[in-house]
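Student: Residue numbers (this note's numbering), protein chains in the order written: chain A, 10 to 649; chain B, 5 to 285; chain C, 587 to 792. Each residue gets a CB set at the ideal place from its N, CA and C atoms; glycine is no exception. Have a look at the structure that comes next, please.
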Amino acid sequence: MAVAPAVDDGPPIIQSSERRIVIPTNILTGIALAAVGYWAGAQLGISFALNDAGNTEVLLGYTFASIMFLVGIGFANYPLARLFGWRVTPQPAGDDHDGPWRYLNLSLDHKVIGVQYLVAMLMAMLFGGIGAMLIRTSLLVPDPPIVAPDKYLTLVSMHSVMMIFVASAAIVGPFGNFFVPYMIGTNRMAFPRLEALSFWLVPPAIVILLAAPIFGGFQTGWTGYTPLSEQADQGFDSYIVGFTLIGLALVVSGVNMLTTIIQLRAPGMTWTRLPIFVWGVFSASILGTFAAPILAAALVMQGLDRTVNTTFFISSAGGSPYLWENLFWFFGHPEVYIFILPAFGIVLELIVHFSRKPLWGYRTAVVGLLGVTLLSWFVWQHHLFMSGIAPALRPFFMFSTEMISIPTGIVFLVAFGTMWRARISMTVPMLFSLGFLFNFLIGGLSGVFLSDVPSDTTLHGSYFSMAHFHFTIVGGEIFAIVAAIYYWFPKMTGRMLNQTWGKIHFWWMFIAFNLAFMPLFAAGLLDMPRRVSTYAVSLQTLNDWVSVWAFILFASMVLFAINIIWSWFFTFKVAPANPWQARSIEWMLPTPLGRRNFEKIPVFTGGPYDYGNPSAKPAADLGGPPDRGMGSLGAEPAPS
Amino acid sequence: MSRLDRTHALRLLVAWAVLSVVGVLIAMQVHLPPGDQSTQATDETSLLQLMLIISTPVFVGVVLFILYSVFAFRQTRGAALEDGPPSYGNFRLQVAWVAITAIIVLLLAVIGINGLTSSAAETNFASSQAALGTGGSATTSGHRLQVQVIGQQWWFTYRYPDFGGAESLHLMLPVNTNIEFHVTSTDVVHSFWAYELGVKADANPGVDNITYVSTVRTGAFTVRCAELCGIWHGHMADTNNAVVSQADFTTWIAQVQKDNSDLNLPPYSPIYFPHPPIKGD
Amino acid sequence: MAALLALFAGFATSFVFHFPPTLTAQPTTVGNGVTIHLETVAAISDAIAFPRPEDPHPDWVSYLPTTVLKVPANSVVTISIDQEDGASGLRNPYWAKAQGIIGGTFHMSYFDDTGAPQVGDFSELPDPTSLGHSFAIPDLGVFVPLLGISDAAPAGSHNEITFSFKTGKAGIFRWQCFVPCGAGSIYGNGNAMSAFGYMQGTLVVQ
Numbered sequence: 010m011a012v013a014p015a016v017d018d019g020p021p022i023i024q025s026s027e028r029r030i031v032i033p034t035n036i037l038t039g040i041a042l043a044a045v046g047y048w049a050g051a052q053l054g055i056s057f058a059l060n061d062a063g064n065t066e067v068l069l070g071y072t073f074a075s076i077m078f079l080v081g082i083g084f085a086n087y088p089l090a091r092l093f094g095w096r097v098t099p100q101p102a103g104d105d106h107d108g109p110w111r112y113l114n115l116s117l118d119h120k121v122i123g124v125q126y127l128v129a130m131l132m133a134m135l136f137g138g139i140g141a142m143l144i145r146t147s148l149l150v151p152d153p154p155i156v157a158p159d160k161y162l163t164l165v166s167m168h169s170v171m172m173i174f175v176a177s178a179a180i181v182g183p184f185g186n187f188f189v190p191y192m193i194g195t196n197r198m199a200f201p202r203l204e205a206l207s208f209w210l211v212p213p214a215i216v217i218l219l220a221a222p223i224f225g226g227f228q229t230g231w232t233g234y235t236p237l238s239e240q241a242d243q244g245f246d247s248y249i250v251g252f253t254l255i256g257l258a259l260v261v262s263g264v265n266m267l268t269t270i271i272q273l274r275a276p277g278m279t280w281t282r283l284p285i286f287v288w289g290v291f292s293a294s295i296l297g298t299f300a301a302p303i304l305a306a307a308l309v310m311q312g313l314d315r316t317v318n319t320t321f322f323i324s325s326a327g328g329s330p331y332l333w334e335n336l337f338w339f340f341g342h343p344e345v346y347i348f349i350l351p352a353f354g355i356v357l358e359l360i361v362h363f364s365r366k367p368l369w370g371y372r373t374a375v376v377g378l379l380g381v382t383l384l385s386w387f388v389w390q391h392h393l394f395m396s397g398i399a400p401a402l403r404p405f406f407m408f409s410t411e412m413i414s415i416p417t418g419i420v421f422l423v424a425f426g427t428m429w430r431a432r433i434s435m436t437v438p439m440l441f442s443l444g445f446l447f448n449f450l451i452g453g454l455s456g457v458f459l460s461d462v463p464s465d466t467t468l469h470g471s472y473f474s475m476a477h478f479h480f481t482i483v484g485g486e487i488f489a490i491v492a493a494i495y496y497w498f499p500k501m502t503g504r505m506l507n508q509t510w511g512k513i514h515f516w517w518m519f520i521a522f523n524l525a526f527m528p529l530f531a532a533g534l535l536d537m538p539r540r541v542s543t544y545a546v547s548l549q550t551l552n553d554w555v556s557v558w559a560f561i562l563f564a565s566m567v568l569f570a571i572n573i574i575w576s577w578f579f580t581f582k583v584a585p586a587n588p589w590q591a592r593s594i595e596w597m598l599p600t601p602l603g604r605r606n607f608e609k610i611p612v613f614t615g616g617p618y619d620y621g622n623p624s625a626k627p628a629a630d631l632g633g634p635p636d637r638g639m640g641s642l643g644a645e646p647a648p649s
Numbered sequence: 005m006s007r008l009d010r011t012h013a014l015r016l017l018v019a020w021a022v023l024s025v026v027g028v029l030i031a032m033q034v035h036l037p038p039g040d041q042s043t044q045a046t047d048e049t050s051l052l053q054l055m056l057i058i059s060t061p062v063f064v065g066v067v068l069f070i071l072y073s074v075f076a077f078r079q080t081r082g083a084a085l086e087d088g089p090p091s092y093g094n095f096r097l098q099v100a101w102v103a104i105t106a107i108i109v110l111l112l113a114v115i116g117i118n119g120l121t122s123s124a125a126e127t128n129f130a131s132s133q134a135a136l137g138t139g140g141s142a143t144t145s146g147h148r149l150q151v152q153v154i155g156q157q158w159w160f161t162y163r164y165p166d167f168g169g170a171e172s173l174h175l176m177l178p179v180n181t182n183i184e185f186h187v188t189s190t191d192v193v194h195s196f197w198a199y200e201l202g203v204k205a206d207a208n209p210g211v212d213n214i215t216y217v218s219t220v221r222t223g224a225f226t227v228r229c230a231e232l233c234g235i236w237h238g239h240m241a242d243t244n245n246a247v248v249s250q251a252d253f254t255t256w257i258a259q260v261q262k263d264n265s266d267l268n269l270p271p272y273s274p275i276y277f278p279h280p281p282i283k284g285d
Numbered sequence: 587m588a589a590l591l592a593l594f595a596g597f598a599t600s601f602v603f604h605f606p607p608t609l610t611a612q613p614t615t616v617g618n619g620v621t622i623h624l625e626t627v628a629a630i631s632d633a634i635a636f637p638r639p640e641d642p643h644p645d646w647v648s649y650l651p652t653t654v655l656k657v658p659a660n661s662v663v664t665i666s667i668d669q670e671d672g673a674s675g676l677r678n679p680y681w682a683k684a685q686g687i688i689g690g691t692f693h694m695s696y697f698d699d700t701g702a703p704q705v706g707d708f709s710e711l712p713d714p715t716s717l718g719h720s721f722a723i724p725d726l727g728v729f730v731p732l733l734g735i736s737d738a739a740p741a742g743s744h745n746e747i748t749f750s751f752k753t754g755k756a757g758i759f760r761w762q763c764f765v766p767c768g769a770g771s772i773y774g775n776g777n778a779m780s781a782f783g784y785m786q787g788t789l790v791v792q
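Following this line, the structure appears as structure tokens:
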């Protein structure tokens with residue numbers, strides 16, 4: 010229904026069609042249409058299958074289901090409205106839905122999307138964590154198997170793929186989407202619909218992945234190496250479609266984020282005043298936008314192999330498993346930097362605010378982040394050192410991989426420079442940031458061990474490599490995510506997380522994490538390969554120790570979950586507007602945040618890091634630029 | 005640099021030096037794999053040892069800095085929040101740090117490349133060796149014992165083309181010999197990992213992956229699969245392999261040839277394409 | 587949300603912890619040791635000796651009745667297998683040779699190419715393409731080829747292969763078939779060959 014623009018009480022950034030599509034579009038419609046779509050796709054697949062492996066129906070079913078879900082939830086409304094030439098009027102309030110129901114439906118408000126992402130990521134982490142607990146239970150004894158070996162591998166694959174989904178989007182999704190517009194002083198993102206799309210691709214991906222066991226699961230791990238994956242049954246199709254959806258989400262989110270940061274910065278927000286968190290998001294978005302399409306292409310090729318009998322990856326028919334390995338890792342390496350660059354951004358941001366000192370070596374930090382971004386394209390073959398690649402390639406990639414530790418070290422340099430002679434407040438976010446530094450140090454150093462080919466001979470494919478990436482991803486990125494949640498929770502939800510439980514959570518998680526994962530370096534050195542359901546009996550004590558501490562680690566995350574749920578839904582005290590007394594712009598705004606980010610577009614009058622300078626102006630002047638009647642991009646609704 | 009800076013820096017430096025020495029002494033006691041059963045294994049062990057020794061001061065430094073800052077640069081309790089001094093950077097320090105990390109890392113890379121070229125001496129890497137200008141170590145002329153490693157789901161078998169392509173379940177190697185492995189697979193990607201020998205090479209179907217080992221000491225060794233290959237990947241391990249004396253090896257291989265005599269094995273080939281690729285075709 | 591989680595938990599548990607039943611070896615009627623009787627079929631729905639109608643994959647090849655076998659330590663185990671599946675052929679002809687069994691030979695009553703019944707003791711199968719399946723316990727060094735049933739044999743008949751091996755100390759040993767008999771999958775090692783409980787299992791030595 011058309012609503013005349015009421016008294017302005019929200020961001021007039023959304024349009025809704027004058028004539029509504031016959032069925033209301035919301036999540037329930039989405040789910041219903043997804044079921045219909047799956048059925049239609051499966052029927053199509055069954056009729057047109059070129060082989061009887063049963064993959065065509067599953068792949069088409071998932072694809073149609075995902076598309077129909079997106080249609081059902083309302084993504085087709087605006088394009089159809091424009092297509093049919095219906096008049097579109099701006100709507101206040103910003104969404105077709107209101108109240109808590111907004112959070113379950115298509116919303117173009119970046120704040121709502123941020124919260125949706127946060128909840129989705131936490132849920133996915135829960136599923137992945139359960140998978141991890143089942144894995145560690147299974148590894149309590151080498152034999153008899155607690156879980157049958159094929160089911161064990163499905164557990165490993167599900168855990169790893171689910172956690173990869175989380176790691177790809179868990180910082181940029183919730184915090185990038187929520188805070189980047191605030192930090193650059195705009196009311197909206199450049200492409201709100203793309204932003205919503207980048208979120209709504211994630212729940213279908215998670216559900217599709219969770220459906221894999223129904224079809225027997227898949228036993229390839231997250232790397233999906235051919236031809237093992239080509240042997241797999243219909244369970245592997247979940248991997249193909251789920252990962253493609255996440256890849257699409259990365260591209261869409263990346264395009265949106267890059268355009269927003271480049272184009273929508275408010276007056277005074279120069280590149281050298283950009284908060285370092287935004288730089289982290291920016292560099293990760295570059296990688297996401299350009300690397301994910303390669304993954305999507307490679308997954309499509311695997312899909313074609315499984316349906317129309319192409320043989321891209323079958324060597325006896327002219328293809329090559331190397332093709333998959335290279336395509337995958339060409340994406341896969343930038344992917345892991347997508348994980349860690351925003352984490353660097355968060356940790357540096359938090360260290361600044363809790364040291365109450367400017368970011369030391371700001372330009373060097375930016376060069377570091379961009380250096381990692383650039384170099385990450387040139388290192389992928391270090392995953393293939395043992396694969397039988399041309400020996401002459403190995404020195405080059407060894408060299409480039411060693412080189413990438415230089416910009417990574419710059420992050421530590423800048424963090425230390427900031428902490429030097431600072432006034433550090435040991436708040437919960439700061440504890441997690443320092444924990445990040447410790448864990449990532451170990452993760453990074455172990456990476457150097459892996460990067461030299463002679464030492465990699467023993468370490469590749471062993472638990473050493475496994476410990477390396479768990480230290481960098483869990484000890485690194487997950488710690489950064491938790492820090493960000495403790496830091497920004499008051500602003501996002503209007504409630505403070507309990508800080509005492511937070512401190513308990515930190516020590517519990519930090520100690521359990523290190524005690525659980527440190528011995529795994531030893532396990533790798535002691536001849537234990539990755540992804541195995543059994544091991545030499547001499548390693549049983551070590552594995553039992555690891556499993557017990559892993560359970561304890563999981564328990565710490567349960568405490569965290571309880572803290573979140575309790576503080577969010579069962580406390581009524583509103584958080585203070587600036588509990589950390591930080592200088593950056595999001596803390597200059599009230600809590601709870603208004604529907605509209607800024608009444609007037611701010612003018613940035615200084616950096617967010619000008620601590621210690623008594624004459625420094627506040628980060629921004631929220632009174633807005635002098636009104637010259639010209640408006641500014643982001644303050645007015647997008648032209649219809 | 006102010007006096008306060010100098011005080012903190014000096015304290016940190018001294019503590020770091022002392023703790024690093026202690027740390028390095030501890031690191032030198034760690035017994036790292038793979039050991040000394042082959043020249044490659046020895047190289048690899050030394051490289052791992054070196055990396056551990058270099059990492060120790062780095063680790064100690066970072067942890068020390070974090071702990072020191074947390075105590076020395078703390079916000080005063082109970083008082084109102086204070087800001088730290090407005091320091092934005094120190095160009096020379098930044099350059100120094102980047103330079104030092106670059107040098108350490110370059111050093112490791114050069115050592116690694118050297119290890120690669122020397123352990124793969126007299127190989128078809130020789131041309132790159134020349135291109136790298138490292139000169140290479142002395143070539144030991146003579147024939148390299150050819151051993152083919154066939155990865156299949158889920159056990160490795162070994163063929164000796166020098167002995168008529170005789171195939172065996174376990175890997176026996178003569179001591180003091182240069183051995184050339186040809187690693188291939190008949191189905192999915194496996195990885196041949198002879199732990200104590202310091203050898204790892206992926207077994208790709210349709211690919212002849214060549215790697216080298218020069219045995220130096222007799223003794224048993226374990227072979228494991230190091231690339232996920234399906235349900236029994238973790239069980240694809242064999243402890244009944246050994247490096248034995250020349251005489252023992254000759255006896256053993258003769259027995260293998262005898263056992264093989266009634267078998268209809270296909271002729272030795274660097275790769276074996278499974279026919280048909282899809283069962284039921 | 588809680589209901590979804592409960593559903594997921596229930597499903598996960600039933601999926602994850604599902605195991606085939608254990609078959610305990612029976613003592614032999616003559617002499618020492620124990621014996622186990624197994625059947626290999628081209629499709630579970632065609633099973634004769636050990637039907638398994640409740641199986642979710644009736645068209646898969648399988649060992650029947652189950653693949654978790656329990657035998658005593660330090661004893662002689664005799665296994666007799668009713669082989670009812672046709673020939674698939676080996677990827678690596680090396681597996682056509684019997685190894686690790688007592689006497690080095692297995693006893694086989696089978697149907698030859700003309701459909702005539704034959705009996706004999708063999709140390710390997712001369713034609714590696716004639717294997718239907720194999721039985722191998724790599725960690726105990728036991729490898730036994732199982733001849734595929736000839737097309738000329740009467741319907742419902744099987745080749746019976748009997749062999750014995752010694753078990754040592756207690757432990758759990760995995761066993762598998764080495765013939766790529768997973769129908770329709772790349773390199774024949776998918777489907778039943780990749781699922782526990784069909785073409786592979788564990789030997790529990792206690």
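What residues from chain A crowd round B/Q79, counting only those whose CB sits closer than 7 Å?
Tutor: For this step, residue 79 of chain B is matched to residue 75 along the second sequence. Simply R432, I433 and S434.
Student: Measure the C-alpha to C-alpha separation of A/G397 and B/S218 and round it to an integer number of angstroms.
Tutor: Within the first sequence, numbered from 1, the residue matching residue 397 of chain A stands at position 388. Within the second sequence, numbered from 1, the residue matching residue 218 of chain B stands at position 214. Computed Cα separation, rounded: 19 Å.
Student: With distances taken Cα to Cα, identify the nearest neighbour of C/P679 among B/L52, B/P90, B/L267 and B/L97.
Tutor: Here residue 679 of chain C refers to the residue found at position 93 when the third sequence is read from its first residue. Comparing Cα-Cα distances from C/P679 to each of B/L52, B/P90, B/L267 and B/L97, the minimum goes to B/L267.
Student: Within 7 Å (strictly less), CB to CB, does A/N587 reach chain B?
Tutor: Along the first sequence, one-based indexing puts residue 587 of chain A at 578. No, because no Cβ of chain B sits closer than 7 Å to the Cβ of A/N587.
Student: Any beta-carbon of chain C closer than 7 Å to the one on B/I275?
Tutor: What you label residue 275 of chain B is simply residue 271 of the second sequence in a count that begins at 1. No, no contact with chain C.
Student: I'd like to know whether the C-beta atoms of A/A74 and A/Y47 end up nearer to each other than 7 Å.
Tutor: What you label residue 74 of chain A is simply residue 65 of the first sequence in a count that begins at 1. What you label residue 47 of chain A is simply residue 38 of the first sequence in a count that begins at 1. Cβ atoms of A/A74 and A/Y47: closer than 7 Å.
Student: Please report the distance separating the alpha-carbon of A/I223 from that of A/G244.
Tutor: One-based indexing of the first sequence puts residue 223 of chain A at position 214. One-based indexing of the first sequence puts residue 244 of chain A at position 235. Computed Cα separation, rounded: 7 Å.
Student: Which residue wins for smallest C-alpha separation from A/L127, given the options A/F187, A/G81 and A/I76?
Tutor: Position 118 of the first sequence, counting from 1, holds the residue named residue 127 of chain A. Looking at the Cα atoms, A/F187 is the closest of the given residues.
Student: Residues bridged to C/T664 by DSSP?
Tutor: Here residue 664 of chain C corresponds to residue number 78 of the third sequence, with the count starting at 1. Answer is C/T621 and C/S750.
Student: Please say whether B/D242 and B/V260 have beta carbons closer to each other than 7 Å?
Tutor: Taking the first residue of the second sequence as 1, we reach residue 260 of chain B at position 256. Taking the first residue of the second sequence as 1, we reach residue 242 of chain B at position 238. No; because the gap between Cβ atoms is not below 7 Å, this pair is not in contact.
Student: Taking only the alpha-carbon atoms, compute the straight-line gap between B/T43 and B/T49 and give it to the nearest angstrom.
Tutor: Residue numbering aside, residue 43 of chain B sits at position 39 when the second sequence is read from its first letter. Residue numbering aside, residue 49 of chain B sits at position 45 when the second sequence is read from its first letter. Answer to the nearest angstrom: the Cα atoms are 10 Å apart.
Student: Is B/S6 buried or exposed, if buried means 16 or more other CB atoms sit within 10 Å of its CB?
Tutor: Within the second sequence, residue 6 of chain B is the residue found at index 2, counting from 1. It counts as exposed.
Student: Per the contact definition of three or more C-beta pairs closer than 8 Å, is the stretch 456 to 463 of chain A in contact with the stretch 505 to 514 of chain A?
Tutor: The stretch 505 to 514 of chain A, when compared against the stretch 456 to 463 of chain A, does not touch it at the 8 Å Cβ threshold.
Student: Confirm, please, whether the CB-CB distance from A/S294 to A/L267 is below 7 Å.
Tutor: In the first sequence, counting from the first residue as 1, residue 267 of chain A sits at position 258. In the first sequence, counting from the first residue as 1, residue 294 of chain A sits at position 285. A contact, by the Cβ cut-off of 7 Å.
Student: Excluding sequence positions up to five away, which residues of its chain have a Cβ less than 6 Å from the Cβ of B/N128?
Tutor: Here residue 128 of chain B corresponds to residue number 124 of the second sequence, with the count starting at 1. Interpretation of B/N128 is limited by its pLDDT of 36, a score under 50 that renders its predicted location unreliable; no figure is taken from the coordinates.
Student: Following the continuous alpha helix (DSSP H) through A/T281, name the residue where it begins and the one where it ends.
Tutor: Taking the first residue of the first sequence as position 1, residue 281 of chain A is located at position 272. Element bounds for A/T281: n/a, residue is neither H nor E.
Student: Quick one: is C/N777 near chain B, going by C-beta distance under 7 Å?
Tutor: Stepping through the third sequence from its first residue, residue 777 of chain C is reached at position 191. No, because no Cβ of chain B sits closer than 7 Å to the Cβ of C/N777.
Student: I'd like the ranges of any alpha helix (DSSP H) spanning at least 4 consecutive residues and lying wholly in the stretch 293 to 374 of chain A.
Tutor: Here the runs fully enclosed are 330 to 364.
Student: Are A/V437 and A/G354 closer than 7 Å when you measure CB to CB?
Tutor: Working through the first sequence from its first residue, we reach residue 437 of chain A at position 428. Working through the first sequence from its first residue, we reach residue 354 of chain A at position 345. No.
Student: Who does C/Y696 pair with in a DSSP beta bridge?
Tutor: The residue given as residue 696 of chain C occupies position 110 in the third sequence. Beta-bridge pairing links C/Y696 to C/Q704.
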